[in-house]
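Quick notes on the structure that follows.
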Amino acid sequence: MSAQVRTRFAPSPTGYLHLGNARTALFNWLYARHCNGSFILRIEDTDTLRSSPAFETAIMEDLRWLGLEWDEGPDAPGQAGPYRQSERLRFYSSYAQWLVRHEAAYPCWCTKERLAELKASQIKAGVAPRYDNRCREAGPQGGVSGAMPVIRFKTPHRPVRFIDEVHGALTFEAGAYGDFVIIGSDGVAAYNFAVVVDDALMGITHVIRGDDHLSNTPRQIMLFQALGFGVPVYAHVPLVLGTDKAPLSKRDDAASIFTLRDAGYLPEAVINSIARLGWTPVGGGGDGLIELAALAGSFDLKRLSRSASVFDMARLKVFNKAAIAAADVSRLASLAGYPTDVVDVAEVIAAVRANAATVADLKGLISPFIDELTLTAEAAECLAQSQAKAVIKAFLDEAAKAASLDEAAYEGIIKAVKIATGEKGRRLFMPIRCGLTGMTEGIELAKIPGLLGRKKVMDRLGRFVG
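All residue numbers for the sequence shown refer to this note's numbering, where the first residue is 242 and numbers rise by one.
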């Protein structure tokens with residue numbers, strides 16, 4: 242085993258990167274950086290029917306968007322490559338044959354029909370289904386003409402004990418597993434075998450993953466030992482659940498990084514949200530944003546929780562509001578689709594961003610000040626009310642007399658309009674807001690005239706009194 246800490250993230254490119262897997266990637270990245278080690282990206286694409294190069298590209302783009310750069314991977318070759326399982330088939334075949342030669346594995350010719358009957362009889366008898374090891378001692382034998390055998394690993398008859406960094410000392414009894422398949426009849430390596438060969442040859446020292454893999458660990462440890470490799474340190478973190486208390490799935494679009502990016506969430510907000518799913522930074526951190534480097538500095542496997550975490554969209558929005566409030570104005574302008582040379586865009590962003598939970602919100606708040614006025618259905622309905630025209634006319638009259646339209650001047654103007662029209666509350670304020678922005682919601686009304694400027698104020702409101 243390598244002396245340097247080496248962690249890995251090994252997604253299957255069968256869907257978009259979801260929050261649960263993103264957290265796994267983050268924890269592996271944080272631990273590698275905390276230990277000045279290496280973070281490896283390996284693509285587990287042996288499921289040729291469901292794997293897609295497009296999903297591989299999307300996963301890599303999402304990881305980079307989150308700031309989780311890898312030291313070795315498909316596009317960052319190192320001495321442990323290649324980094325796609327589809328390009329490593331020769332390794333699996335070679336090590337499987339080594340196990341057969343050393344009588345630690347054997348060919349099995351049992352048909353699917355026999356295995357199905359065996360499973361059914363075991364279930365009927367109330368026994369946990371497992372292979373009965375029929376071919377273990379049978380020696381070389383043939384099957385149906387043209388058929389190929391699977392290769393099964395000879396499971397040692399001893400308990401598997403290991404210390405998990407999250408769950409502590411664990412023991413799995415010897416009788417829990419039958420001889421399991423490591424190479425299918427089609428020549429494709431089974432998941433548990435491919436993972437062991439890859440982790441060993443890539444020098445992975447720490448395997449940090451979801452605890453849905455905990456039941457795989459005894460099989461993998463037995464394979465490490467049979468092949469003469471050192472066993473890595475394991476840390477199985479509880480799954481991330483949705484609000485329905487079901488594990489997040491890569492087929493749950495609402496939980497994908499791609500969807501969050503498209504919805505206007507910033508990477509630093511997503512990182513801070515998922516970092517706290519099963520781990521607490523030193524000092525707690527509250528809802529404050531912590532930079533990736535600082536998260537890595539305090540990351541400790543011993544602080545990982547044993548309890549499942551529920552992803553909370555409301556808390557993500559809190560982090561995202563903080564990220565938008567702290568972000569550079571030129572970055573926000575670009576994200577919202579407004580060139581930084583647009584007149585007054587920086588001033589508008591500074592005024593409205595406290596009201597934005599996402600970049601989509603921000604764009605909606607910027608638009609009334611920069612783009613041509615368009616009315617929402619609600620705004621049009623408001624402006625059609627009986628008092629709207631009189632309120633707007635009174636506001637125009639007072640604005641024309643005012644030396645300024647800033648917040649201080651607004652207070653005097655609106656007071657005079659209230660006296661002149663006898664209106665108050667929404668009947669007073671809403672026609673002015675709708676006439677200026679085309680919307681019924683937004684930033685404080687007192688800030689709007691000053692941001693728009695006198696010409697836009699007079700032109701826009703003038704449309705509704707003619």
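From the three backbone atoms N, C-alpha and C, an ideal C-beta is built for every residue, glycine too.
Q. Are the C-beta of Thr500 and some C-beta of chain D separated by less than 7 Å?
A. Within the model displayed, chain D is absent; a lone protein chain is all it includes.
Q. If you scan the segment 283–327 from start to end, which runs of the alpha helix (DSSP H) of 4 or more residues do you find wholly inside it?
A. Within the segment 283–327, the alpha helix (DSSP H) runs of at least 4 residues that lie entirely inside it are, in chain order, 294–307.
Q) Would Ala263 pass as a contact of Ile673 if the rule is Cβ separation under 7 Å? A) No, the pair does not count as a contact, with Cβ atoms beyond the cut-off.
Q. Smallest Cα separation from Trp311: which of Tyr272, Arg329, Pro348 and Asp288?
A. Considering only alpha carbons, the answer is Tyr272.
Q.
My output table needs one value for Val422: the three-state DSSP class, helix, strand or coil.
A. Strand, per DSSP.
Q. Does the beta-carbon distance from Phe280 to Ala346 come in below 7 Å?
A. The criterion of a C-beta distance shorter than 7 Å is not satisfied by Phe280 and Ala346.
Q) Which of helix, strand or coil does DSSP assign to Asp452? A) The answer is helix: DSSP assigns Asp452 an H, G or I state.
Q. Per DSSP, Val341 is paired with what?
A. Looking at the DSSP assignment, Val341 forms no beta bridge with any residue, so it has no partner.
Q: In the DSSP assignment, find the alpha helix (DSSP H) that holds Phe250 and state where it starts and stops.
A: Annotation: Phe250 is outside any alpha helix (DSSP H); the continuous beta strand (DSSP E) that includes it extends over Arg247 to Phe250.
(Q) For Tyr475, report the span of its beta strand (DSSP E) as first-last. (A) From DSSP, the beta strand (DSSP E) with Tyr475 extends over Val474 to Val478.
Q) Which same chain residues, not among the five before or five after Phe560, have their C-beta less than 6 Å away from its C-beta? A) Taken in chain order, the residues that qualify are Ala510, Asn513 and Ser514.
(Q) Helix, strand or coil for Phe705? Go by DSSP, reduced to three states. (A) Coil, per DSSP.
Q. Are Glu532 and Ala476 close, meaning C-beta to C-beta below 7 Å?
A. Cβ atoms of Glu532 and Ala476: not closer than 7 Å.
Q.
Once DSSP output is grouped into helix, strand and coil, what is the label at Val523?
A. For Val523, the secondary structure class from DSSP, reduced to helix, strand or coil, is coil.
Q) If you count every other CB in all the chains shown that lies within 10 Å of the CB of Glu259, and 16 or more means buried, which is it? A) One point to set straight first is that residue 259 is His, not Glu, in the sequence displayed. Buried, because 16 or more other Cβ atoms sit within 10 Å of the Cβ of His259.
Q) Is DSSP giving Arg393 helix, strand or coil here? A) Here DSSP, grouped into helix, strand and coil, assigns Arg393 to strand.
Q.
Across the segment 334–343 and the segment 282–299, are there enough close Cβ pairs to call them in contact, namely three or more that are closer than 8 Å?
A. At 8 Å Cβ cutoff, the stretches do not touch.
Q. So, do the segment 684–692 and the segment 620–635 have three or more beta carbon pairs nearer to each other than 8 Å?
A. The segment 684–692 vs the segment 620–635: no contact.
Q) Does the separation of the CB atoms of Ala417 and His398 fall below 7 Å? A) Taking 7 Å as the Cβ cut-off, Ala417 and His398 do not qualify as a contacting pair.
Q | Classification of Ala649 by the beta-carbon crowding that lies within 10 angstroms, buried from 16 upward | A | Answer is exposed; the Cβ neighbour count stays below 16.
Q: Helix, strand or coil for Thr517, going by three-state DSSP, please let me know.
A: Correcting the residue identity first, residue 517 is Arg in this sequence and not Thr. Coil at Arg517, not helix or strand.
Q: May I ask you to report which of helix, strand or coil DSSP gives Ile684?
A: The answer is coil: DSSP assigns Ile684 none of H, G, I, E or B.
**Q.** Minimum C-alpha distance to Asp452 - residue among Gly505, Glu378, Ser550 and Arg375
**A.** The candidate whose alpha carbon is nearest that of Asp452 is Ser550.
Q. Roughly how many whole angstroms lie between the Cα atoms of Thr678 and Gly527?
A. Taking C-alpha positions only, Thr678 is separated from Gly527 by approximately 36 Å.
**Q.** CB of Gln628 within 7 Å of CB of Glu664, strictly
**A.** Contact: yes.
Q. Can you tell me where the beta strand (DSSP E) with Tyr347 in it begins and where it stops?
A. First-last of the beta strand (DSSP E) with Tyr347: Ala346 to Cys349.
Q. Is the Cβ-Cβ distance between Phe705 and Leu573 less than 7 Å?
A. Cβ distance not < 7 Å, so Phe705 and Leu573 don't count as in contact.
Q.
Our contact map puts Trp520 next to Arg544 with C-beta atoms below 8 Å; I'd like the distance itself, whole angstroms only.
A. Their Cβ separation, rounded to whole angstroms, is 6 Å, which keeps Trp520 and Arg544 in contact under 8 Å.
Q: Could you pull out every unbroken alpha helix (DSSP H) segment of at least 4 residues lying fully inside the segment 541–621, listed in chain order?
A: As far as the segment 541–621 is concerned, its whole alpha helix (DSSP H) runs of at least 4 residues are 554–567, 570–577, 586–593 and 600–611.
Q.
Bridge partners for Val401 per DSSP, in chain order?
A. As computed with DSSP, Val401 is found in a beta bridge with Phe413.
Q. Do you know how far the Cα of Leu646 is from the Cα of Arg695?
A. Cα to Cα, the separation comes out at about 7 Å.
(Q) Tell me the DSSP secondary structure of Ser335 in three-state form. (A) Helix at Ser335.
Q: Identify whether Ala430 lies in helix, strand or coil by the three-state DSSP scheme.
A: The answer is strand: DSSP assigns Ala430 an E or B state.
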